[in-house]
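Colleague: Sharing a structure below in structure tokens format, with a few things to ask.
Protein chains in written order, with the working numbering: chain A, 21 to 344; chain B, 1413 to 1669.
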């Protein structure tokens, strides 16, 4: 048995979740009494592989090919299939990034496996690994185990493991050259871009009032705007509110929007799907107002009120005004 | 363009969930169901592409008899016909087996484009679309915010993390997983609802398609409500009392206002 962590880089820069996966691989290896290795894929990635060689790993694989310069699912999935065939890991771990979501199911399917996607925790019971993943937008957890023959695949949720716990050591680097052909790459990726400059920098706000589906309709937005005004706060929202056009996309907090860590984050009618939580759980004080006592937002909230936001927000506005 | 949109019926978003016994799934008898939200956006994109370029939109859904309601809603919104893979116990199918179910009728239809939501609101694996593409030998792209037809093939806008995007060109046939918010969802019109009654829903079973769940490489041991790791101080009483207590704590304990 052995663990392989497949790390992610873009144009020579690490995706910061890579080191969370590396820390997890080392931890899994320790608990399962086996070894961990790491792989990085791309073109001209020697420096990244060298960086990994100073970590406690059995082996570092530098998967090098011109066709891995820009990410495509065809080239990356095939390269990793060949690497797995060569390195024969039992468990292959990935950070649950947008890129991994794009190619991991393809890789696993090509080997007749299903990946455990977006795992949030693990434990080892009687020598076998159990992964925890979330169902129903974080309202329910599931314990999942691998069955049948290796290799097995899992991706790990952002923040589930701590990058600062990667252990130093030394590891040999092996350059692996996959057999790829340009004809086998069917998609043509173009340069990455950002939409027009963001007018709103939520990252600079000390207090953020954030609104979710619980607000029900766009006509109710002024209610939370008033709460934000009273607090001198920026108004933000979870994704569905921006999808519906009730607030501009630039006010979205979460994995596809901005990541914020204000002094105080007031979540109004936000259930707390993980895509939202990753964008705000670093806030110093989190307050949640929600009608569902089991809403995942209460997992991260310091203070909360279970109740109807349409009754509570007017009272909060009044109470904040009085406290000034 | 012949477009198939794979849709799933899931428990309504605000459902109060209870764990069934044995703890492999939730109590589903008294739940209300709706279309998986990302799939609603995939359907919308399919309908808009058809309006621009002509062709046909076929809704494809695997699920128990109750999923017929979600399928009828898709027809009322404008899908031309539907295929219902009627299977009472979808829980026995892991994402790979579920994708095999969906792949079987797709092979016969051979559409130009297959669309589906980026993930389901219930299981949330976020894998079915990509698995389906691999099973069918098609190129794919995920988390798509824009689809543009070109002279040959399509150009799509992929969403990446932290506000980054990327255009990708690919030939057809292809499979795309659609991000929520790609466009505004339409409502079914009265005329649409009336018309839907005359549209074809082809029903097939897993057995008809020769697909069995088979051995899975992953197994769910049990499901449970997550234990609180953080202690949230909750304030009760009337809305006025609760609000006053919260504001006092924020001022004197957390000292954030």
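Heads up, the beta-carbon is just placed ideally off N, CA and C, and yes, glycines get one too.
Just list the beta strand (DSSP E) runs in the stretch 1547–1609 of chain B, keeping only unbroken ones of 3 residues or longer that don't cross its boundaries, in chain order.
Modeller: 1552–1561, 1566–1571, 1576–1582, 1586–1590
Colleague: Can you find the residues in the same chain that come closer than 6 Å, C-beta to C-beta, to residue 181 of chain A, ignoring five residues on each side of it along the sequence?
Modeller: Here residue 181 of chain A corresponds to residue number 161 of the first chain, with the count starting at 1. The answer, listed in chain order, is 40, 43, 44.
Colleague: Applying a beta-carbon distance threshold of less than 8 Å, which residues of chain A neighbour residue 1584 of chain B?
Modeller: To locate residue 1584 of chain B, count along the second chain from 1; it is residue 172. Ordered by position in chain A, no residue passes the 8 Å Cβ test against residue 1584 of chain B, which lies about 11 Å from the chain.
Colleague: I'd like the list of long-range same chain contacts for residue 144 of chain A, defined as Cβ closer than 7 Å, with 5 residues on each side in sequence excluded.
Modeller: Here residue 144 of chain A corresponds to residue number 124 of the first chain, with the count starting at 1. Same-chain partners within the cutoff: 51, 52.
Colleague: Just mark residue 153 of chain A as buried or exposed, buried being the case when its beta carbon has 16 or more other beta carbons within 10 Å.
Modeller: Sequence index remark: in the first chain, residue 153 of chain A carries index 133 (1-based). So residue 153 of chain A counts as buried.
Colleague: Residue 82 of chain A: which of A:280, A:122, A:196 sits nearest, CA to CA?
Modeller: Looking up residue 82 of chain A in the first chain gives position 62. Taking only the C-alpha atoms, the option nearest residue 82 of chain A is A:196.
Colleague: Run through chain B and tell me which residues come within less than 8 Å of residue 31 of chain A, C-beta to C-beta.
Modeller: By 1-based counting over the first chain, the position of residue 31 of chain A is 11. Neighbours of residue 31 of chain A on chain B: none; closest Cβ ~12 Å, over 8 Å.
Colleague: What are the complete alpha helix (DSSP H) segments, minimum 4 residues, inside the stretch 1608–1648 of chain B?
Modeller: Contiguous alpha helix (DSSP H) elements confined to the stretch 1608–1648 of chain B occur at 1618–1621, taking only those with 4 or more residues.
Colleague: Return the chain-ordered list of same chain residues with a C-beta closer than 6 Å to the C-beta of residue 47 of chain A, the five sequence neighbours on each side being excluded.
Modeller: The residue given as residue 47 of chain A occupies position 27 in the first chain. If we look at residue 47 of chain A and ignore the five residues flanking it on each side, it has no Cβ neighbours.
Colleague: Leaving out five residues on either side along the sequence, give the residues of the same chain with a beta carbon under 8 Å from the beta carbon of residue 1565 of chain B.
Modeller: Position 153 of the second chain, counting from 1, holds the residue named residue 1565 of chain B. So the qualifying residues of the chain are 1581, 1582, 1583, 1584, 1586.
Colleague: Assuming residue 1515 of chain B contacts residue 1544 of chain B under a Cβ cut-off of 8 Å, what Cβ separation, rounded to an integer in Å, is found between them?
Modeller: On the second chain, residue 1515 of chain B is found 103 positions in, with the first residue counted as 1. On the second chain, residue 1544 of chain B is found 132 positions in, with the first residue counted as 1. Rounded, the Cβ-Cβ distance is 6 Å, consistent with contact.
Colleague: So, is residue 1602 of chain B buried or exposed, given that buried needs 16 or more other C-beta atoms within 10 angstroms?
Modeller: In the second chain, the residue the question calls residue 1602 of chain B occupies position 190. The residue in question, residue 1602 of chain B, is exposed, as its Cβ has fewer than 16 Cβ neighbours within 10 Å.
Colleague: Go ahead and pull the three-state DSSP assignment for residue 118 of chain A.
Modeller: Within the first chain, numbered from 1, the residue matching residue 118 of chain A stands at position 98. DSSP places residue 118 of chain A in helix when its eight states are reduced to three.
Colleague: Quick check on the DSSP output: what are the complete alpha helix (DSSP H) runs of length 4 or more inside the stretch 1473–1528 of chain B, in order along the chain?
Modeller: 1480–1489, 1507–1521
Colleague: Would a check of beta-carbon distances place residue 1542 of chain B closer than 7 Å to chain A?
Modeller: Numbered from 1 along the second chain, position 130 holds the residue referred to as residue 1542 of chain B. Interface residue, yes.
Colleague: Would you tell me roughly how many angstroms separate the C-alpha atoms of residue 324 of chain A and residue 307 of chain A, rounded to the nearest one?
Modeller: Walking along the first chain from the start, residue 324 of chain A turns up at place 304. Walking along the first chain from the start, residue 307 of chain A turns up at place 287. C-alpha separation (whole angstroms): 5 Å.
Colleague: Check whether the Cβ of residue 114 of chain A lies closer than 7 Å to any Cβ atom in chain B.
Modeller: Here residue 114 of chain A is taken as the residue at index 94 of the first chain, counted from 1. Not one chain B Cβ lies under 7 Å of residue 114 of chain A.
Colleague: Rounding to the nearest angstrom, what Cα-Cα distance links residue 1668 of chain B and residue 343 of chain A in this structure?
Modeller: Numbered from 1 along the second chain, position 256 holds the residue referred to as residue 1668 of chain B. Numbered from 1 along the first chain, position 323 holds the residue referred to as residue 343 of chain A. Distance between the alpha carbons of residue 1668 of chain B and residue 343 of chain A is about 12 Å.
Colleague: Of all Cβ atoms in chain B, is any one closer than 7 Å to the Cβ of residue 323 of chain A?
Modeller: The residue you call residue 323 of chain A lines up with position 303 of the first chain. Cβ-Cβ to chain B under 7 Å: yes for residue 323 of chain A.
Colleague: Against chain B, does residue 156 of chain A count as a neighbour if the rule is that its beta carbon must be under 7 Å from one of theirs?
Modeller: For the purposes of this step, residue 156 of chain A is taken as the residue at position 136 of the first chain. True, the Cβ-Cβ gap to chain B drops below 7 Å.
Colleague: I need the DSSP call for residue 85 of chain A, collapsed to helix, strand or coil.
Modeller: Start at 1 with the first residue of the first chain, and residue 85 of chain A comes out as number 65. Residue 85 of chain A: coil per DSSP, three-state reduction.
Colleague: Can you round the beta-carbon distance between residue 1630 of chain B and residue 205 of chain A to whole angstroms, since I take them to be within the 8 Å contact cut?
Modeller: By one-based count along the second chain, residue 1630 of chain B stands at place 218. By one-based count along the first chain, residue 205 of chain A stands at place 185. Between residue 205 of chain A and residue 1630 of chain B the Cβ distance is about 29 Å, and since that is not below 8 Å, they are no contact.
Colleague: Would you mind reading off the limits of the alpha helix (DSSP H) that contains residue 286 of chain A?
Modeller: Locating residue 286 of chain A in the first chain gives position 266, where the first residue counts as 1. Premise fails: residue 286 of chain A lies in the beta strand (DSSP E), 284–288, not in any alpha helix (DSSP H).
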